[in-house]
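The following block contains the structure:
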């Protein structure tokens, strides 16, 4: 399925969902056109990201690849990435499997970064406490700094 068709389907689904149906009717509408809620959510997500200019030009690649790209953090969408096989590729050159591996790597990197940030903050708190204790000790024992 061409990228532009995916965007158009997403645009129309979003319009129908937000403007044309009473609350609770969208599920029935989807069933009548042969789509699941998950498929609809993907089309709408892709359209929303594209319409806000958050997706690189995706040309004529399949929906699964466009969806995987749309769920990546924005800063990562325009970079080249190295696959597990050591190949450097842009996102539109990757397979769905490679994109999912990339997402997993990015998630792991973010978790490690968060953990390191936590450790740094804890070390800074410990340093601050030790500094205060030293100041108190110096004050109590009338030790002068030179």
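Residue numbers (our numbering): 1 to 146.
Backbone N, C-alpha and C define an ideal beta-carbon position, used for all residues, glycine too.
These numbers were taken from a predicted model, which means no experiment stands behind them.
- Annotated three-state conformation of residue 79 is coil, per DSSP.
- The three-state reading of DSSP puts residue 104 in helix, counting H, G and I together.
- Boundaries of the alpha helix (DSSP H) harbouring residue 30: 26–32, taken from the DSSP string.
- A residue is called buried when at least 16 other Cβ atoms come within 10 angstroms of its Cβ; residue 40 meets this threshold and is buried.
- In this chain, the alpha helix (DSSP H) harbouring residue 41 covers 37–51.
- From the listed residues 61, 112 and 66, the smallest Cα separation to residue 44 is found for 66.
- With fewer than 16 other Cβ atoms inside 10 Å of its own Cβ, residue 141 counts as exposed.
- Around the beta carbon of residue 109, a 10 Å sphere encloses fewer than 16 other beta carbons of the protein chains shown; the residue is thus reported as exposed.
- Taking C-alpha positions only, residue 84 is separated from residue 33 by approximately 39 Å.
- Beta-bridge pairing by DSSP links residue 89 to 81.
- Straight across, the Cα-Cα distance linking residue 24 with residue 14 is about 14 Å.
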